[in-house]
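Using full-length UniProt numbering, read the sequence shown as starting at 1 and increasing by one per residue.
Think of the CB as a built atom: it goes at the ideal place given N, C-alpha and C, for glycine as much as any other residue.
Here's the structure, in structure tokens; my notes come after.
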Amino acid sequence: MEASEEVDNAAAAVAAPMGPPNFPMVWVDQLCKFVGTGEGLGFEAATELETRKYLLEAFDERQQIAASAGSIPSFYRKKPSENSAGMKVQRLAKFRFLKKQAEALLNADDLDTMWVLLRENCSVDETSGTEKMNYEDFCHIATLCTEQVGPKCRKFFSACNFLKFEKDDFGRIAILPFYLYVMRTVSLTQARIDMSELDEDGDGFLQPQEMEAYVRGLIPNLAQLRHIPSPFLSMYSRIAARKFYFFCDPLRRGKLCIKKVLLSNCLAELMELHQRKKVGELSLLITGFLSAVPSAYVIHFWGWIRT
Numbered sequence: 001m002e003a004s005e006e007v008d009n010a011a012a013a014v015a016a017p018m019g020p021p022n023f024p025m026v027w028v029d030q031l032c033k034f035v036g037t038g039e040g041l042g043f044e045a046a047t048e049l050e051t052r053k054y055l056l057e058a059f060d061e062r063q064q065i066a067a068s069a070g071s072i073p074s075f076y077r078k079k080p081s082e083n084s085a086g087m088k089v090q091r092l093a094k095f096r097f098l099k100k101q102a103e104a105l106l107n108a109d110d111l112d113t114m115w116v117l118l119r120e121n122c123s124v125d126e127t128s129g130t131e132k133m134n135y136e137d138f139c140h141i142a143t144l145c146t147e148q149v150g151p152k153c154r155k156f157f158s159a160c161n162f163l164k165f166e167k168d169d170f171g172r173i174a175i176l177p178f179y180l181y182v183m184r185t186v187s188l189t190q191a192r193i194d195m196s197e198l199d200e201d202g203d204g205f206l207q208p209q210e211m212e213a214y215v216r217g218l219i220p221n222l223a224q225l226r227h228i229p230s231p232f233l234s235m236y237s238r239i240a241a242r243k244f245y246f247f248c249d250p251l252r253r254g255k256l257c258i259k260k261v262l263l264s265n266c267l268a269e270l271m272e273l274h275q276r277k278k279v280g281e282l283s284l285l286i287t288g289f290l291s292a293v294p295s296a297y298v299i300h301f302w303g304w305i306r307t
């Protein structure tokens, strides 16, 4: 019996798995605490540890807010302070974006070149005498414009734009409506860029002084308003801004949405002053826009009383 017990014990010892001794894991806990304190770490490692700590705290705070608020969206976001790094980065990003958008616009010479190419590569309708082009001419003119003007005009010569215009029985469109469409698009894009540059907080709205500054900067480029006496320029800017606020701000919030201004008839009426007209038509147009000089003073005075 003793021999059999010794054999069984030897077999059990052989069958038992070989492994490390089961020491207590106290040293693991001590190591984790030492690493968590940041002692003995370099500057980069300590900075990374601190950044991770702040991110975890921000994540936990956001999770708590989301859990407490449920599915209710946040309608108010506090704007960063004027001298904060976030505001400076936002302004720099907006400046670079607007500069990039302005560089992609067609200038006056580019538009003249496009008009010449449109007239040279179109066909004249024998019935109405209208200059028209089919889709093949459209693509050929697109190639010529890309070669002479650059790739920035390529976006206007797409199949979607060609289908926007009325076609005749031969599938041709008139070149004049297409050219006016290009000019209108360039003009509105330039207006959007100019207004966005004046929008200091970048919320898509213009304050009264910002709208006045936009009109004042637009006057030297308006052919019919260049010779307005300088004492009247500030008055004209205020009255024009008041008209925009009257039609584009029905809720009287004291700020103008840039998108609504671009789609308003007031801006189209103001842009018409680019065109040169006769003296009689000029006085009639200015009278219609300003409602005469005496009435302008009355409107200006009444507006400041209400504010």
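Can you find the residues in the same chain that come closer than 7 Å, C-beta to C-beta, to residue i, ignoring five residues on each side of it along the sequence?
i, result
"E281", "For E281, the predicted model reports a pLDDT of 45, less than 50, meaning its position is unreliable; a value from the coordinates is still stated below. For E281, where only same-chain residues beyond five positions count, there are no Cβ hits under 7 Å."
"residue 308", "This structure does not reach residue 308, given that the chain is present from 1 up to 307, and the question cannot be answered."
"F156", "V182"
"R216", "L233, S237"
"L284", "With a pLDDT of only 42 at L284, under 50, the local geometry of the prediction cannot be trusted, and no value is derived from it."
"M211", "A241, F244, L256"
"R77", "none"
Spatial neighbours of residue i within its chain, please: CB distance less than 8 Å, with the 5 preceding and 5 following residues excluded, ordered by chain position.
i, result
"Q101", "T189, I193"
"L106", "M114, V149, K152, C153, V182, V186"
"P220", "R226"
"L118", "E131, M133, I141, I175, F178, Y179"
Alpha carbon to alpha carbon, how far is residue i from residue j?
i, j, result
"S158", "S234", "43 Å"
"F178", "S264", "21 Å"
"L98", "L267", "21 Å"
"S123", "A104", "30 Å"
"M87", "S81", "7 Å"
"R306", "R253", "Model confidence at R306 stands at a pLDDT of 45, short of 50, so the residue's coordinates are unreliable and nothing is read from them."
"A241", "D60", "47 Å"
"D125", "C139", "19 Å"
"A85", "Q207", "24 Å"
"F95", "A191", "15 Å"
"P229", "I239", "15 Å"
"F246", "M271", "18 Å"
"P250", "D169", "45 Å"
"E269", "P231", "23 Å"
"E116", "F165", "Rather than Glu, the amino acid found at residue 116 in this sequence is Val. Roughly 20 Å between the two C-alpha positions."
"V293", "R91", "Caution is warranted here: a pLDDT of 42 is assigned to V293, below 50, making its placement in the model unreliable, and no coordinate value can be reported."
"C145", "L262", "28 Å"
"R52", "R62", "15 Å"
"K167", "V89", "48 Å"
"Y135", "D109", "25 Å"
"L163", "D137", "14 Å"
"Y54", "I65", "16 Å"
So, at 6 Å on beta carbons, what are the nonlocal neighbours of residue i in its own chain, with the 5 sequence-adjacent residues on each side left out?
i, result
"A213", "L198"
"I258", "M195, G204"
"K260", "C248"
According to DSSP, what are the bridge partners of residue i?
i, result
"L256", "L206"
"residue 319", "This structure cannot settle anything about residue 319, because the visible part of the chain is limited to 1 through 307."
"V124", "E131"
Pull up the CB-CB distance for residue i and residue j, whole angstroms please, since I reckon it's below 8 Å.
i, j, result
"L225", "F244", "Incorrect: roughly 16 Å between the Cβ atoms, too far for contact."
"N141", "N161", "Inspection of the sequence shows that residue 141 is occupied by Ile rather than by Asn. The pair is not a contact, with the Cβ atoms about 12 Å apart (cut-off 8 Å)."
| task | Flag this pair as touching only if the region 176–183 and the region 197–210 have three or more C-beta atom pairs under 8 Å; answer yes or no. | result | no
| request: Mind the definition here: the region 164–175 touches the region 129–140 only if three or more C-beta pairs lie below 8 Å; say whether that holds. | output: yes
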